[in-house]
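Residue numbers (UniProt numbering): 1 to 387.
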């Protein structure tokens, strides 16, 4: 916690303590400027540093948000990730190595240009152009950026995995919510686009272990098996980070580049038909919007259309970003039809499976699926493997 809110506050704190211990009339309190000049130097090479005495053991400091929560499995997961990279290096010509992550939501304004919420830095504009936007709080609609990072596998474990091809999409948070089956559908589409007809026989997948990537969840395991079957892989290895350690995921570092495309940007949706605007004005939460859209197809159609232009703007800005001279590539989010077709391949294993029933409790009663997983899959706390 800071010692004081300001120099004025610090002066009042000291004055109060002195008045409690001494006779108030005998206490001589210096000015705020004199107190400031007794601080430790912030930058000793500036001209103003000559005025500071450094008599007080205090200084001005900006809070740095780099504190990381520890976890008992941190070292274990770090070792697993190293083994995964060494495995990829050993069988480099046969491996596709993917890191994936989702970014925080990008707000979309309603009737007024609204900031994306990214911390702004200096950007390039015309001399006469004002760069202003509404605050990004309190918006109903938003987009969720997803990153799929195809790492170039180096020759040595000492070299960096932070190079390769980056695929980015912006999903409608209302009607395209993140799920395990949606992610794996998009993984397969990106793999097919990136490798064309020469898909490697081994897929290594590394994620941050969120609800859509947690390898102990039945929905995630089913989705990975679908990916394994669609890609006709000889082996699929899905690994996650330790809890609270998503920063170890190489895809996390892509977010800083993605922020360059989002900073200084203000977004606003298009106007819908009057009846849709009236219905939408009565809705507040995502659940309310989704429930209303089930009984009002016009509302759902208009909501999807009104943010299409916003998605196109972000698509254009994203494809101007580069990682080591390799341009980012935008991909369209998977729709419901595509996801259903992707899921159907697992019916070859067990025809009783349903896309809406993928909890571990339900899947544990599927005899044919459990037999397949027993002979072809290996499950651990942080790893799921199919071969």
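For each residue, glycine too, the CB sits at the ideal point set by N, CA and C.
Cut-off 6 Å between Cβ atoms - residues of its own chain near residue i, not counting five sequence neighbours on either side
i: residue 163; result: 152, 324
i: residue 236; result: 203, 228, 386
i: residue 272; result: 302, 306
i: residue 293; result: 299, 300
i: residue 69; result: 244
i: residue 329; result: 167
i: residue 359; result: 218
i: residue 186; result: 334
i: residue 308; result: none
Contacts around residue i, its chain only, beta-carbon distance under 7 Å, and the 5 residues preceding and following it disregarded
i: residue 214; result: 220, 240
i: residue 174; result: 141, 286, 289, 290, 303
i: residue 352; result: 366
i: residue 279; result: 292, 296, 299
i: residue 172; result: 143, 304, 307
i: residue 58; result: 3, 39, 40
Cutoff 8 Å: residue i Cβ touching any chain C Cβ
i: residue 16; result: This model lacks chain C altogether; it includes just one protein chain.
Secondary structure of residue i, DSSP reduced to three states
i: residue 238; result: strand
i: residue 42; result: coil
i: residue 185; result: helix
i: residue 69; result: coil
i: residue 278; result: helix
i: residue 164; result: strand
i: residue 59; result: coil
i: residue 336; result: helix
i: residue 366; result: coil
i: residue 357; result: strand
i: residue 257; result: helix
i: residue 302; result: helix
i: residue 248; result: helix
i: residue 81; result: helix
i: residue 199; result: coil
i: residue 76; result: helix
i: residue 48; result: helix
i: residue 344; result: helix
i: residue 388; result: Look at the range of the chain in this structure, 1 to 387, and you will see that residue 388 is not part of it.
i: residue 272; result: coil
i: residue 223; result: helix
i: residue 53; result: coil
i: residue 286; result: helix
i: residue 4; result: coil
i: residue 310; result: helix
i: residue 297; result: helix
Residue closest to residue i, alpha-carbon to alpha-carbon, out of the options
i: residue 339; options: 12, 248, 180, 36; result: 180
i: residue 334; options: 342, 367, 106; result: 342
i: residue 260; options: 10, 347, 314; result: 314
i: residue 157; options: 165, 193, 89, 97; result: 89
i: residue 206; options: 250, 138, 226; result: 250
i: residue 52; options: 61, 45, 62, 40; result: 40
i: residue 254; options: 161, 111, 143; result: 161
i: residue 97; options: 44, 71, 154, 111; result: 154
i: residue 380; options: 329, 238, 256; result: 238
i: residue 252; options: 284, 209, 275, 230; result: 209
i: residue 31; options: 49, 20, 11; result: 11
i: residue 318; options: 165, 186, 46; result: 165
i: residue 312; options: 322, 327, 326, 331; result: 331
i: residue 225; options: 375, 282, 58, 1; result: 375
i: residue 48; options: 336, 20, 37, 344; result: 37
i: residue 169; options: 84, 258, 63, 19; result: 258
i: residue 336; options: 177, 21, 108; result: 177
i: residue 383; options: 276, 196, 83, 94; result: 83
i: residue 60; options: 93, 43, 281; result: 43
Nonlocal neighbours in the same chain, by C-beta distance under 8 Å from residue i, ignoring five residues either side
i: residue 198; result: none
i: residue 370; result: 363, 364
i: residue 183; result: 100, 146, 212, 213, 223
i: residue 110; result: 139, 140, 141, 268, 269
i: residue 348; result: 229
i: residue 284; result: 140
DSSP beta-bridge partners of residue i
i: residue 326; result: 323
i: residue 108; result: 141
i: residue 98; result: 150, 205
i: residue 378; result: 385
i: residue 170; result: 145
i: residue 267; result: 114
Item to check | Contact between the stretch 91-109 and the stretch 139-157 (3+ Cβ pairs under 8 Å) | outcome: Inter-segment contact for the stretch 91-109 and the stretch 139-157 is present: three or more beta-carbon pairs are separated by less than 8 Å.
Next on the checklist: Is it the case that the stretch 261-268 contacts the stretch 105-116, given that we only count it when at least three CB pairs across the two stretches are under 8 Å?
Outcome noted: Yes: at least three Cβ pairs fall under 8 Å.
Checklist entry - Between the stretch 70-79 and the stretch 239-258, do three or more beta carbon pairs fall short of 8 Å? => result yes
Checklist entry - If you pair each beta-carbon of the stretch 27-46 with each one of the stretch 7-16, do three or more pairs fall below 8 Å? => result When Cβ pairs closer than 8 Å are counted between the two stretches, the stretch 27-46 is seen to touch the stretch 7-16, the count reaching three or more.
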